[in-house]
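2 protein chains.
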Amino acid sequence: MTRAPVTGAFEALGDPVRRHVLELLAAGERPAGEIVAALQARAPISQPGVSQHLRVLRDAGLVTVRAEGSRRFYALDPDGLDAARAWLSGLVDPLAQFAQPLDALATEVARGRRTRPTTTGQPDRPAADGRRPA
Amino acid sequence: MTRAPVTGAFEALGDPVRRHVLELLAAGERPAGEIVAALQARAPISQPGVSQHLRVLRDAGLVTVRAEGSRRFYALDPDGLDAARAWLSGLVDPLAQFAQPLDALATEVARGRRTRPTTTGQPDRPAADGRRPA
DNA sequence: CTCCTCCATAAGCAGGAACTTATAGGTCGA
DNA sequence: TCGACCTATAAGTTCCTGCTTATGGAGGAG
Numbered sequence: 000m001t002r003a004p005v006t007g008a009f010e011a012l013g014d015p016v017r018r019h020v021l022e023l024l025a026a027g028e029r030p031a032g033e034i035v036a037a038l039q040a041r042a043p044i045s046q047p048g049v050s051q052h053l054r055v056l057r058d059a060g061l062v063t064v065r066a067e068g069s070r071r072f073y074a075l076d077p078d079g080l081d082a083a084r085a086w087l088s089g090l091v092d093p094l095a096q097f098a099q100p101l102d103a104l105a106t107e108v109a110r111g112r113r114t115r116p117t118t119t120g121q122p123d124r125p126a127a128d129g130r131r132p133a
Numbered sequence: 000m001t002r003a004p005v006t007g008a009f010e011a012l013g014d015p016v017r018r019h020v021l022e023l024l025a026a027g028e029r030p031a032g033e034i035v036a037a038l039q040a041r042a043p044i045s046q047p048g049v050s051q052h053l054r055v056l057r058d059a060g061l062v063t064v065r066a067e068g069s070r071r072f073y074a075l076d077p078d079g080l081d082a083a084r085a086w087l088s089g090l091v092d093p094l095a096q097f098a099q100p101l102d103a104l105a106t107e108v109a110r111g112r113r114t115r116p117t118t119t120g121q122p123d124r125p126a127a128d129g130r131r132p133a
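Residue numbers (numbering that gives the first Met the number 0), protein chains in the order written: chain R, 0 to 133; chain U, 0 to 133.
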């Protein structure tokens, strides 16, 4: 249920502003206000506009929110991001489904095993877009 | 110059139909006609519609085209896909830029070193969306 | 040369995505 | 309690994206 549908993830990643938000969050969690300020420093955008983007990212399972007082701290959600990455890996080579764990291990080693033990979820297989025509 | 702008890649990945195309191509290169047929087997779409999607994928550097007689064979472009994957990796952990080569190695091993020697391109850093306001 | 196949581009239209302003809901300090 | 943040939602508009039909050009088969 905490499942991140890759499908929605790529839709969310399609927007430059949202990618920018993710890059900001790569440096660590931030309250919405700071995100708004950071984005506005680069291009004119309203606070509600940013808020809406944040919602999309959250619905896509790419970020998480933590409420502290009146502020909402946003952070990257490794699960969602890994799911997307896994999908891409699965494209180039089906066997990469196997390589995934190794992949994660390599990353883990590289970072000195900073945080979580096994982020490696088993995401959806490459599959399944629901297409809706007219 | 053969550079694949990650930026455009994610835009291309945002569409379900295009993701479906990529999944088809994961099984190997195919002429446009087969792609059209395969997509139409799942949902009603016209030949020009598919052709346009293919163009977007090509412009994004996610697929390549090879002309053979009157047919155009499309295939996945590992460079573009790896670039996208690298961007995602860079998000979760900046050091993953290092992990990338290892990552590729793991994949290589898993597949039994089927094809190309070093696909591993050096993609763009996380950066830079051009925002266009009014 | 003529026809047929395969694929791409052109043009036009419709639905949705992203932006805006306005407003409401919490939380904290005075 | 009152007022000042901080953030989310509502409502409305605009523009972009994806779809369609129509058409053109290039490559074999006859």
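Every residue, glycine too, gets a C-beta built ideally from N, C-alpha and C.
Original post:
Can you tell me whether U/L12 is buried or exposed, with buried defined as 16 or more other CB within 10 angstroms of its CB?
Top reply: If you number the second sequence from 1, residue 12 of chain U lands on position 13. In this structure U/L12 is buried. Its beta-carbon is surrounded by 16 or more other beta-carbon atoms within 10 angstroms.
Subject >> Contact with chain U by R/V91, beta-carbon distance below 9 Å >> reply: Taking the first residue of the first sequence as position 1, residue 91 of chain R is located at position 92. So yes, R/V91 belongs to the interface.
Original post:
Name the DSSP bridge partner or partners of R/R29?
Top reply: Within the first sequence, residue 29 of chain R is the residue found at index 30, counting from 1. Its beta-bridge partners are R/Y73.
Original post:
In or out: U/R70 buried (at least 16 other Cβ within 10 Å) or exposed?
Top reply: Within the second sequence, the letter at position 71 stands for residue 70 of chain U. Classification for U/R70: exposed.
**OP:** Return the residues of the stretch 24 to 41 of chain R that lie within a Cβ-Cβ distance of less than 9 Å from chain U, sorted by chain order.
**Re:** Residues of the stretch 24 to 41 of chain R whose Cβ lies closer than 9 Å to any Cβ of chain U, in chain order: L24, A25, A26, L38 and R41.
**OP:** Taking all protein chains shown into account, decide if R/P77 is buried (16 or more other Cβ within 10 angstroms of its Cβ) or exposed.
**Re:** As a first step, residue 77 of chain R must be located in the first sequence, where it is residue number 78. R/P77 comes out buried.
Subject >> U/A59 in three-state terms, based on DSSP >> reply: Against the second sequence, residue 59 of chain U aligns to sequence position 60. Assigned with DSSP and collapsed to three states, U/A59 falls in coil, not helix or strand.
Subject >> Chain-ordered neighbours of R/R54 on chain U, where CB pairs are closer than 7 Å >> reply: What you label residue 54 of chain R is simply residue 55 of the first sequence in a count that begins at 1. Under the 7 Å cutoff, chain U gives no residues; its nearest Cβ is about 17 Å from R/R54.
Original post:
Could you give the distance in angstroms between the alpha-carbon of R/A26 and the alpha-carbon of U/G79?
Top reply: On the first sequence, position 27 is the one that residue 26 of chain R refers to. On the second sequence, position 80 is the one that residue 79 of chain U refers to. When rounded, the distance between both Cα atoms is 25 Å.
Original post:
Roughly how many angstroms lie between the CA atoms of U/D58 and U/V64, to the nearest whole one?
Top reply: Here residue 58 of chain U is taken as the residue at index 59 of the second sequence, counted from 1. Here residue 64 of chain U is taken as the residue at index 65 of the second sequence, counted from 1. Rounded to whole angstroms, U/D58 and U/V64 show a C-alpha spacing of 11 Å.
Original post:
Is it the case that the Cβ atoms of R/Y73 and R/I44 are separated by a distance below 9 Å?
Top reply: Start at 1 with the first residue of the first sequence, and residue 73 of chain R comes out as number 74. Start at 1 with the first residue of the first sequence, and residue 44 of chain R comes out as number 45. No, these two residues do not count as a Cβ contact at 9 Å.
**OP:** In the DSSP assignment, find the unbroken alpha helix (DSSP H) run with U/R41 in it and report its ends.
**Re:** Locating residue 41 of chain U in the second sequence gives position 42, where the first residue counts as 1. Element bounds for U/R41: n/a, residue is neither H nor E.
Subject >> Status (buried if at least 16 other CB within 10 Å, exposed otherwise) for R/S88 >> reply: On the first sequence, position 89 is the one that residue 88 of chain R refers to. That one is buried.
Original post:
Out of curiosity, what's the CA-to-CA distance linking R/L21 and U/G60?
Top reply: Start at 1 with the first residue of the first sequence, and residue 21 of chain R comes out as number 22. Start at 1 with the first residue of the second sequence, and residue 60 of chain U comes out as number 61. For R/L21 and U/G60, the distance between alpha carbons rounds to 22 Å.
Subject >> Closest Cα partner of R/H19 within the set R/P30, R/E67 and R/H52 >> reply: Against the first sequence, residue 19 of chain R aligns to sequence position 20. Nearest C-alpha to R/H19: R/H52.
**OP:** Return the residues of the stretch 72 to 87 of chain R that lie within a Cβ-Cβ distance of less than 9 Å from chain U, sorted by chain order.
**Re:** The stretch 72 to 87 of chain R vs chain U, Cβ under 9 Å: L75, P77, L80, D81, A83, R84, W86 and L87.
**OP:** Mark U/E67 as exposed unless 16 or more other C-beta atoms lie within 10 angstroms of its C-beta, in which case mark it buried.
**Re:** By 1-based counting over the second sequence, the position of residue 67 of chain U is 68. Counting Cβ neighbours within 10 Å, U/E67 comes out exposed, since fewer than 16 surround it.
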